[in-house]
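Asker: Here's a structure for you.
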Amino acid sequence: MPGQRGPVPTPETRDVPQQILDILGEKDTFKPSEEFPTLSQVEIKAALDRLGSRSMVEYEQITADAVVLEKEGQSIVDEGSPEYKVWDAIRSKGRMGVKDVAGAVGGDTAKFGQGTAMKNRWIKKDGNDLVIAEKDVEDKTRHLLQSAQQTGNVADSKVLADLKKRKLVKVEKRISYTVKKGPKYAKEMPVEVTDLTADMLSSGSWQTANFKPYNFNALGANQTPGALHPLNKVREEFRKIFFNQGFVEMPTSRYVDSGFWNFDALFVPQQHPARDMQDTFFISDPPKADRPRDDPAAEAAMNAMEEGSRKLYAEPTPRKTTRRDYEKYWDNVREVHEKGAFGSTGYRYTWSEDESLRLVLRTHTTAVSTWCLHRLAEDPRPARYFSIDRVFRNETVDATHLAEFHQVEGVIADFGLTLGGLMKFLEDFFGKLGLTGLRFKPAYNPYTEPSMEIFGFHAGLDKWVEIGNSGMFRPEMLEPMGLPKDMRVYGFGLSLERPTMIRYKVSNIRDLLGHKVDLKFVEEQPAVRLDKN
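At position 238 of the sequence shown (counting the first as 1) the number is 433 in the numbering used here, and the numbers step up by one without a gap.
Here is the structure:
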């Protein structure tokens with residue numbers, strides 16, 4: 196009998212599987228929850244699985260509803276129901292005023308107990324006092340809860356519903372097991388070998404060794420695999436959309452660039468606010484860059500990308516390559532700024548070479564687009580370029596702005612392009628991202644005319660947010676490169692973070708990028724299909 200085996204071992208000393216085998220040596224079947232009341236269900240299940248995988252025991256899982264006392268219900272079991280406390284207080288004094296009852300049993304107890312006691316006709320009013328109406332009463336609520344605590348059940352469904360409504364009890368799922376001997380039952384766990392060693396192979400003892408079986412029902416240890424950041428997931432979707440529309444990816448490996456490529460070549464005047472310390476991070480060492488010259492690494496990367504695109508889309512001839520005249524381009528840009536050229540009146544100021552060669556953390560990837568368009572002038576033909584990379588702005592950080600972010604940029608060069616065509620392209624492009632109902636707002640950019648800001652609705656912020664900028668590049672920017680007068684170029688850019696925030700319902704950009712990002716959030720986010728809601 197259980198009592199003859201002594202007390203149940205403590206968690207530090209017990210061997211649960213052996214305990215189960217010992218009990219089955221005396222009983223045909225038993226319930227572990229009755230024999231081991233201090234054991235958790237997890238420990239019992241682990242022991243049963245260990246024995247069951249070796250066919251030493253067989254067990255059946257039983258799931259049943261059990262009535263469990265809430266905090267208030269346990270208080271009634273310990274001290275009595277509010278109505279009984281009120282009745283007992285009045286009985287001990289003979290009669291009491293309403294305020295006296297509250298002082299004797301507590302305000303909340305008097306509030307709930309008085310009404311129930313009067314409803315049960317245990318007490319009644321006599322003038323301004325309360326007196327007992329029944330000399331001998333039974334605290335049925337307490338007895339009912341005591342019975343529920345012992346049996347885990349309330350027979351009458353209406354009574355149970357009333358107790359639940361009063362938040363005295365709740366119903367929980369309880370799991371128990373019925374265990375019996377298995378076909379390979381033994382009084383002790385056999386010695387099992389877990390590793391196959393070289394000695395066992397050489398001696399041949401492995402042939403008779405009792406190897407520990409695999410437990411295929413056991414849960415594996417939690418793994419912590421790497422996970423793509425939501426920005427990278429959305430970035431890959433953007434790249435697929437661009438590639439499917441015939442775009443070639445531009446090389447964007449330079450975070451630091453000169454003011455010439457970042458501003459001057461884009462027809463941004465040197466006194467423009469974007470060039471001061473409020474918007475731009477300047478580099479102090481080295482103090483300045485070289486004049487524009489060939490970049491062999493970027494050239495090789497661009498050639499490889501264009502060659503792959505040419506083969507993919509079966510373009511007949513590769514692009515012609517000639518040595519670019521950077522000195523002429525430098526002089527053209529200077530003249531456009533100082534005096535005006537190519538039909539432009541320019542800005543009419545003294546252009547500074549030192550300012551143009553100052554090094555900056557690039558404020559946009561359009562600096563790379565400028566380099567690619569200058570390269571395209573060697574052999575003008577329709578082209579589509581894109582880039583997705585990091586840019587830097589000296590901005591105040593808030594829920595939708597960071598000092599560094601990712602810019603998605605596209606450039607389309609062709610003949611006969613119009614503003615209406617740009618709007619249609621943007622609607623189609625963003626439609627592939629799952630963003631519809633765009634709004635366009637006229638804007639100003641030094642290097643595009645006309646220009647438009649693009650807005651999309653953010654359901655999390657419950658407002659329209661700017662998701663991009665666009666326009667047609669000015670002749671003052673294109674013609675100094677040597678591009679034909681009749682060639683037009685669309686340019687559009689958007690933040691990678693804001694569409695990602697919309698798709699993943701993130702309201703604060705600092706929860707998406709930076710030192711405050713929750714790694715669990717990164718791990719749990721699913722892959723995204725931008726064209727699917």
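Just so you know, even glycine gets a beta-carbon here, dropped at the ideal spot from N, CA and C.
1. Are G195 and V281 touching if we call contact CB-CB under 8 Å?
2. By DSSP, does S702 sit in helix, in strand, or in coil?
3. Check whether the Cβ atoms of T558 and T475 sit closer than 8 Å, and answer yes or no.
4. Does DSSP put N664 in a helix, in a strand, or in coil?
5. Under three-state DSSP, which class holds N315?
6. Out of curiosity, what's the CA-to-CA distance linking E622 and I478?
7. Which ranges does the beta strand (DSSP E) cover as unbroken runs of at least 3 residues, wholly within the segment 428 to 511, from first to last along the chain?
8. My output table needs one value for K680: the three-state DSSP class, helix, strand or coil.
9. With distances taken from CA atoms, which of F455, L707, G347, N457 is nearest V263?
10. With a 10 Å radius around its C-beta and 16 neighbouring C-beta atoms as the bar for buried, classify V528 as buried or exposed.
11. Could you tell me which residues DSSP puts in a beta bridge with Y580?
12. For E543, does the three-state DSSP call read helix, strand or coil?
13. If I'm right that G454 touches E550 with Cβ under 8 Å, what's the distance once you round it to whole angstroms?
14. In whole angstroms, what separates the C-alpha of Q402 from that of N417?
15. May I have the straight-line CA-CA distance separating I218 from Q344, to the nearest angstrom?
16. Use the C-beta contact count for E207: other C-beta atoms within 10 angstroms, 16 or more gives buried, fewer gives exposed.
17. May I have a chain-ordered list of the alpha helix (DSSP H) segments no shorter than 4 residues that lie completely inside the segment 226 to 301?
18. Given A493, which residues of its chain have a CB within under 6 Å of its CB, disregarding the five upstream and five downstream residues?
19. Just confirm the distance between the C-beta atoms of G651 and F687, as a whole number of angstroms; I'd bet it's less than 8 Å.
20. How about P577 and A608: do their beta carbons lie closer than 8 Å?
21. How long is the line joining the alpha carbons of F437 and V443, rounded to whole angstroms?
22. To the nearest angstrom, report how far apart P468 and R579 are at their CA atoms.
23. Buried or exposed for I257, going by 16 or more other Cβ atoms inside 10 Å?
24. Taking Cβ positions, are L340 and V354 nearer each other than 8 Å?
25. Could you tell me which of K379, G611, N589 sits nearest to D681, measuring between CA atoms?
26. Which residue's Cα is closest to the Cα of K222: A242, Y380, G298?
27. Classify H601 as helix, strand or coil using the three-state DSSP reduction.
28. Can you tell me whether I239 is buried or exposed? The criterion is at least 16 other CB atoms within 10 Å of its CB, across all chains shown.
29. I think L571 touches L678, with their Cβ atoms under 8 Å apart; what is that distance to the nearest whole Å?
30. So does the segment 322 to 332 actually touch the segment 284 to 298, counting three or more Cβ pairs closer than 8 Å?
31. Using DSSP with H/G/I as helix, E/B as strand and the rest coil, what is N527?
32. Is there at least one non-hydrogen atom of the ligand HEM closer than 7 Å to the beta-carbon of E622?
33. Quick one: residues in its chain with C-beta nearer than 7 Å to the C-beta of L246, no 5 flanking neighbours on either side, listed in chain order?
34. Tell me where the beta strand (DSSP E) around R570 begins and ends.
35. By how many angstroms is the C-alpha of L414 removed from the C-alpha of S564?
36. Do you know offhand how far E548's Cα is from N457's?
Answerer: According to the structure data:
1. In the structure as shown, the chain begins at 196 and stops at 728. Residue 195 is therefore absent and cannot be evaluated.
2. coil
3. yes
4. strand
5. coil
6. 38 Å
7. 451 to 453
8. coil
9. G347
10. buried
11. V443, V606
12. What sits at residue 543 in the sequence shown is Arg, not Glu. Coil at R543, not helix or strand.
13. 6 Å
14. 34 Å
15. 27 Å
16. Any answer about E207 is weak, because its pLDDT of 39 lies below 50 and its placement is not dependable; what the coordinates show is given next. By the 10 Å Cβ count, E207 comes out exposed.
17. 227 to 230, 236 to 247, 266 to 274, 277 to 288, 293 to 300
18. P446
19. The pair is not a contact, with the Cβ atoms about 14 Å apart (cut-off 8 Å).
20. yes
21. 8 Å
22. 30 Å
23. exposed
24. no
25. G611
26. Y380
27. strand
28. buried
29. 7 Å
30. yes
31. helix
32. This structure lacks the ligand HEM, and indeed carries no ligand of any kind.
33. P212, I215, V252
34. First-last for R570: 561 to 571, but that is the alpha helix (DSSP H), not the beta strand (DSSP E).
35. 53 Å
36. 14 Å
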